[in-house]
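Here the structure is laid out as structure tokens; the discussion comes afterwards.
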Amino acid sequence: MPAFFDEHELAIVSAAVDRLIPPNGEGAPGASRAGVADYVDTMLGAFTFDPPRIFAGGPFSGRWGGDASFERWMPLGPMEELAWRTRLEGSQGRAEREFNGPVVGWQQRYRDGLGALGNDFVDVDGDEQDRRLDRDHGFKRLLYEHACEGMYGDPVYGGNRSFMAWDSVGWVGDIQPRGYTDDEVSGRVKTEIPRAR
Amino acid sequence: MPGDLDCDAVIVGSGPGGSTVADVLTAAGWSVIVLEKGRNHLVSLEAPFDPSGDLSNDEIKFSRRHFLGPDPFLEPRTYRRSEADGERLITGEVNNLPSTVGGGGFHADGKLPRLREEDFHLLSFRGGIDGAAVADWPVQYDDLEPHYAIVERLIGVAGDADANPFAAWRSGPYPMPPGPDMFGAILTSEAAAARGLHPYRAPTGVNSVPYDDRPACNNCGYCGGFGCPIHAKGDPISSLRRALRTGRCEVRPDAYVTEIMLDGGRRRATGVRYLDVAARNALREVRAAHVVLAAGAFETPRLLLRSEVGNSSNLVGRNLMYHFQTFTVGIFPFSLHGERGRSVTHLHDDFMVPDEHALAAAHAAGLPWIRGGTVEHGGGGTPLMESMTYPSGPQHNVSMRDSAIRDRLFAFTMQAEDLPQPSNRVDLDPSIVDAWGFAAGRVTYRPHAHELVASDHYAPLLEAVMQDAGAEFAFSTTSPPQGDLDLHDISPLGIAPASRHVMGTCRMGDDPRTSVVDSASRFHDVENMICADSSVFVTSAGYNPTLTLVALAHRAACQLAAVDVLDVPNSGSIAGP
């Protein structure tokens, strides 16, 4: 179940980010298939989880017990919570969030941005989708930054589904505890190393 | 200790400078309280002081979500080039260094060169330059050498003592040999040597062998910008653990220092006030016999200006220096796999010593001399940051697959000498505040002609070397950018200097009218307060500042405790995670 969007909004986000990072004909995934909409949804709804899904923990690898995963979400300090609630929810007239003036949160920017793309966004053709995205460069930029995060960040944050974006560009991510040998650092040939998980 | 004091010394800031002072003072029998504004992700503060286990090779956490702080929403900084820009040009991130237990030692990839002899007496050796406050340091290289030698052992620096013909004299070898060379740096070093330059394996605060009971680096590659998940980097965990183990050190994270307290005569500090962030910002005090400021060359002057302390010279915050950075970038037709291993493995220092061509370029520009800086040979990126440098659209996936920026890019970064200018400064922004309501720090900075002439002189040579090394093409850019502001919206480095080497805002000197601290890093105005960060630098030289600021902090702490050059033994084991 989504943490923030409804299913229709999720579909619009998926369609929009697929225009920004489309699949190519050689098997590289687009942002939609890589799960970017889930990434954005988890981020915008981070405070529906406890601890909130802002900072994944460490260490990766499971070499001292536990799973090979970063999935140990870290509690936020009070000021970190202030920062992230304001960034996501906006300042909403609260004095402690408006020390430098009102802040429009990302949740509102998405609601407004998706509204402007139109309820029929998923049904219109790609050229029309591009035209609508180009009408609001601020929202397009925000969406693109989040699309990049959802593509190429660690899958624990909800995107990069099954590591497909990393696999498509030959990135193995965290290689602890194996690391790379000195020859793998200094050698001319880039030896392929499998993902550690 | 008198009954109304909480400790012998209160230390503001837990980065490389503050943690070194804590290490020395506790070894000398003093009690210290370390106040750190940020959170603690480094080390458990309960015996046996294990690593926190909070670190992970996670690009979102470190590069996108301000995990190590400061969050630019909570603590904005502002920047303008000069007063002609109005009150500010930008608000947000300006030269942010981690605000967390361990400070800037946490995320650095640990290039730790020493300065050279002449860097400490530049005015005498090369002469002044109009418009710049070039001056000699009151501390000379020979004074600092014993401290350099000790802090190289305390941090754990891997290097080759004989490799750099420009290096200053040294009393002994590095404690470890260098780690493995990155493939790209092997190519660029050979090309540089063929053009008569003298590249050498960079002294790096990263274990090449097990050292100080910390493991050898296993080349995972998440280095600069990340915290080391196995503590193979010389982050301040070692010095803080040694201090904690004495039982005479208390580290208080989430402690935002608001004010330095003085006594009625205003010549002595009585302690500091701070907000206990984790306790709804409750106001607390630490009363101490001595105060040590180690908040960094941006936050230390901000605290002094806010407290109206230490500034009879009107020089607090002034003579702000960075390193003027020239980036010469080459794109290669094959993989350099620079994401493996250390971020930089080679340097060359030739441009610190102007030859006849450099002097001719200086004279042609009306300058008596120019100096460049150490040149870092480095490369390798991570996919999230790479992806954001490419445009959106159908070419995105093609660009990511071809990976010019992550896998096939190599760069020279010249960390060039930035001359001190009193008009370059940190002060208090007139209207932007932080989340606690205190005035944000504001940078006013523009480079001197010296920096621009030096960059223009050396960049073509670096481009030629890069092409000799096999790059298909090479180009150069600088930070801060040169030329028309309108062009810089597209620069991923931004308009403000991207350098995290911040120096000079409480310069050291013998004359209280022309300096803020004396040769022992003691404030001229406040007899029991010292500075233990790069604020005290008189000139910036062209070398990464961390080792020098730590050596100066070590020296200042030894003098404060009236101990000889104190060689704190390495001790203790650091087990996983």
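Chains A and B, in that order, give the protein sequences. Note that the first sequence ends on residue 917 in the working numbering; no numbers are left out. Note that the second sequence ends on residue 609 in the working numbering; no numbers are left out. Just so it is clear, CB atoms sit at the ideal spot from N, CA and C, and this is done for glycine as well.
I need the straight-line Cα distance from glycine 821 of chain A to serine 811 of chain A, nearest angstrom please.
Along the first sequence, read from residue 1 onward, the residue named residue 821 of chain A stands at position 101. Along the first sequence, read from residue 1 onward, the residue named residue 811 of chain A stands at position 91. Each residue's alpha carbon lies about 9 Å from the other.
Cβ shell of asparagine 602 of chain B (< 6 Å), same chain only, five flanking positions each side left out
On the second sequence, residue 602 of chain B is found 570 positions in, with the first residue counted as 1. Unreliable placement is indicated for asparagine 602 of chain B, whose pLDDT of 49 sits below 50; no coordinate value is reported for it.
For aspartate 832 of chain A, would you say it is in contact with chain B, using Cβ-to-Cβ distances shorter than 8 Å as the test?
In the first sequence, residue 832 of chain A corresponds to position 112, counting from 1. So no, aspartate 832 of chain A is outside the interface.
Touch check for the stretch 497–507 of chain B and the stretch 856–867 of chain A: three-plus C-beta pairs under 8 Å?
no
Pair within 8 Å by beta-carbon distance, valine 597 of chain B and cysteine 590 of chain B:
As a working mapping, residue 597 of chain B is identified with position 565 in the second sequence. As a working mapping, residue 590 of chain B is identified with position 558 in the second sequence. Yes, they are a contact pair.
Does the beta carbon of alanine 723 of chain A come closer than 8 Å to any beta carbon on chain B?
Working through the first sequence from its first residue, we reach residue 723 of chain A at position 3. It does not: the Cβ of alanine 723 of chain A has no partner Cβ on chain B nearer than 8 Å.
What do you reckon, is the C-beta of isoleucine 65 of chain B under 7 Å from a heavy atom of the ligand PLP?
The ligand PLP is not among the ligands present in this structure, which contains no ligands whatsoever.
Name the residues in the stretch 869–893 of chain A whose C-beta lies less than 9 Å from a C-beta of chain B; which are they?
Glu869, Met871, Tyr872, Gly873, Asp874, Val876, Tyr877, Ala885, Trp886, Ser888, Val889, Gly890, Trp891, Gly893
Spatial neighbours of glycine 785 of chain A within its chain, please: CB distance less than 8 Å, with the 5 preceding and 5 following residues excluded, ordered by chain position.
Locating residue 785 of chain A in the first sequence gives position 65, counting from the first residue. Reliability of the predicted coordinates at glycine 785 of chain A is poor, the pLDDT of 48 falling under 50, and the value obtained from them is presented with this limitation in mind. Here the set comprises nothing.
Nearest to glycine 745 of chain A (by Cα), restricted to the options B:Gln427, B:Arg113, B:Pro80:
Here residue 745 of chain A corresponds to residue number 25 of the first sequence, with the count starting at 1. Out of B:Gln427, B:Arg113, B:Pro80, B:Gln427 has the C-alpha closest to the C-alpha of glycine 745 of chain A.
Please identify the residue among B:Phe258, B:His73, B:Pro452 whose C-alpha is closest to the C-alpha of aspartate 162 of chain B.
On the second sequence, residue 162 of chain B is found 130 positions in, with the first residue counted as 1. Among B:Phe258, B:His73, B:Pro452, the Cα nearest to that of aspartate 162 of chain B belongs to B:Pro452.
In whole angstroms, what separates the C-alpha of alanine 593 of chain B from that of threonine 52 of chain B?
Residue mapping note: residue 593 of chain B aligns to position 561 of the second sequence, counting from 1. Residue mapping note: residue 52 of chain B aligns to position 20 of the second sequence, counting from 1. Going from the Cα of alanine 593 of chain B to the Cα of threonine 52 of chain B covers about 13 Å.
Would you mind telling me which residues of chain A sit closer than 9 Å to asparagine 251 of chain B, beta carbon to beta carbon, in chain order?
The residue you call residue 251 of chain B lines up with position 219 of the second sequence. Those are Ile895, Gly899, Tyr900, Thr901, Asp902, Glu904, Val905, listed as they occur along chain A.
Can the beta-carbon of glycine 47 of chain B be found closer than 8 Å to that of glycine 135 of chain B?
On the second sequence, residue 47 of chain B is found 15 positions in, with the first residue counted as 1. On the second sequence, residue 135 of chain B is found 103 positions in, with the first residue counted as 1. The Cβ atoms of glycine 47 of chain B and glycine 135 of chain B lie closer than 8 Å to each other.
Give me the residue from B:Trp468, B:Ser511, B:Phe507 with the minimum Cα distance to arginine 478 of chain B.
Position 446 of the second sequence, counting from 1, holds the residue named residue 478 of chain B. Residue B:Ser511 is the option with its Cα nearest to arginine 478 of chain B.
For aspartate 461 of chain B, report the span of its beta strand (DSSP E) as first-last.
Locating residue 461 of chain B in the second sequence gives position 429, where the first residue counts as 1. That run of the beta strand (DSSP E) goes 457–465.
Thinking C-alpha only, which one of B:Pro247, B:Glu150, B:Ala234, B:Val324 is nearest alanine 200 of chain B?
The sequence position of residue 200 of chain B within the second sequence is 168, counting from 1. Closest by alpha carbon: B:Glu150.
Run the CB neighbour count on histidine 263 of chain B, radius 10 Å, all protein chains shown included, and call it buried at 16 or more, exposed below.
By 1-based counting over the second sequence, the position of residue 263 of chain B is 231. So histidine 263 of chain B counts as buried.
I need the DSSP call for leucine 77 of chain B, collapsed to helix, strand or coil.
Looking up residue 77 of chain B in the second sequence gives position 45. Of the three classes helix, strand and coil, the one that applies to leucine 77 of chain B here is coil, per DSSP.
Helix, strand or coil, according to DSSP, for arginine 319 of chain B in the structure here?
Position 287 of the second sequence, counting from 1, holds the residue named residue 319 of chain B. Here arginine 319 of chain B sits in strand by DSSP.
Between the C-alpha atoms of leucine 121 of chain B and asparagine 456 of chain B, what's the straight-line distance to the nearest angstrom?
Residue mapping note: residue 121 of chain B aligns to position 89 of the second sequence, counting from 1. Residue mapping note: residue 456 of chain B aligns to position 424 of the second sequence, counting from 1. For leucine 121 of chain B and asparagine 456 of chain B, the distance between alpha carbons rounds to 15 Å.
Leaving out the 5 sequence neighbours to the left and right, which residues in its chain are closer than 7 Å to arginine 97 of chain B when beta-carbon positions are compared?
For this step, residue 97 of chain B is matched to residue 65 along the second sequence. Closer than 7 Å at Cβ, skipping near neighbours: no residue.
Can we say the stretch 861–878 of chain A touches the stretch 755–771 of chain A, given the rule of at least three CB pairs closer than 8 Å?
yes
Classify valine 909 of chain A as buried or exposed, calling it buried when 16 or more other Cβ atoms lie within 10 Å of its own Cβ.
As a first step, residue 909 of chain A is located in the first sequence; it is residue number 189 there, counting from the start. Looking at its Cβ environment, which holds fewer than 16 other Cβ atoms inside 10 Å, valine 909 of chain A is exposed.
As an exercise, report each continuous alpha helix (DSSP H) stretch of at least 4 residues that is fully enclosed by the stretch 799–823 of chain A, in chain order.
none
Report all residues from its chain with a CB closer than 6 Å to the CB of histidine 520 of chain B; omit the five preceding and five following residues, and keep chain order.
Taking the first residue of the second sequence as 1, we reach residue 520 of chain B at position 488. Note that histidine 520 of chain B scores 49 on pLDDT, short of 50, meaning its location in the model is unreliable; the coordinates nonetheless yield the value given after this. Excluding residues within five positions, the ones whose Cβ falls inside 6 Å are Pro513, Ile527.
Do leucine 70 of chain B and proline 285 of chain B have their C-beta atoms closer together than 8 Å?
Here residue 70 of chain B refers to the residue found at position 38 when the second sequence is read from its first residue. Here residue 285 of chain B refers to the residue found at position 253 when the second sequence is read from its first residue. Looking at the sequence shown, residue 70 of chain B is not leucine but glycine. In this structure, proline 285 of chain B lies closer than 8 Å to glycine 70 of chain B by Cβ.
Residues bridged to arginine 246 of chain B (per DSSP)
Residue numbering aside, residue 246 of chain B sits at position 214 when the second sequence is read from its first letter. B:Tyr243.
Give the straight-line distance between the Cα atoms of isoleucine 606 of chain B and arginine 246 of chain B, rounded to the nearest whole angstrom.
For the purposes of this step, residue 606 of chain B is identified with residue 574 of the second sequence, where counting begins at 1. For the purposes of this step, residue 246 of chain B is identified with residue 214 of the second sequence, where counting begins at 1. The pLDDT assigned to isoleucine 606 of chain B is 38, lower than 50, so where the model puts this residue is not dependable; a value taken from the coordinates is nonetheless given after this. Isoleucine 606 of chain B and arginine 246 of chain B have their C-alpha atoms roughly 6 Å apart.
Name the chain B residues that come within less than 9 Å of alanine 776 of chain A, Cβ to Cβ?
In the first sequence, residue 776 of chain A corresponds to position 56, counting from 1. In chain order: Ser88, Asp90, Ile92, Lys93.
Compare the C-beta of isoleucine 996 of chain A with all C-beta atoms of chain B and state if any pair is closer than 8 Å.
Examination of residue 996 of chain A is not possible in this model, given that chain A is present from 721 through 917 alone.
Short of 8 Å Cβ to Cβ, which residues in the stretch 103–115 of chain B face chain A?
Asp103, Phe105, Leu106, Pro108
Hey, does asparagine 128 of chain B have any beta-carbon neighbour from chain D nearer than 8 Å?
Included in the structure are the protein chains A and B, with no chain D among them.
Any beta carbon of chain B sitting closer than 8 Å to that of proline 795 of chain A?
If you number the first sequence from 1, residue 795 of chain A lands on position 75. Not one chain B Cβ lies under 8 Å of proline 795 of chain A.
Can we say the stretch 435–447 of chain B touches the stretch 354–364 of chain B, given the rule of at least three CB pairs closer than 8 Å?
Between the stretch 435–447 of chain B and the stretch 354–364 of chain B there are three or more C-beta pairs closer than 8 Å, enough to call the two in contact.
Who are the neighbours of aspartate 213 of chain B on chain A, taking C-beta pairs under 9 Å?
Locating residue 213 of chain B in the second sequence gives position 181, counting from the first residue. What aspartate 213 of chain B touches in chain A: Asp902, Val905, Ser906.
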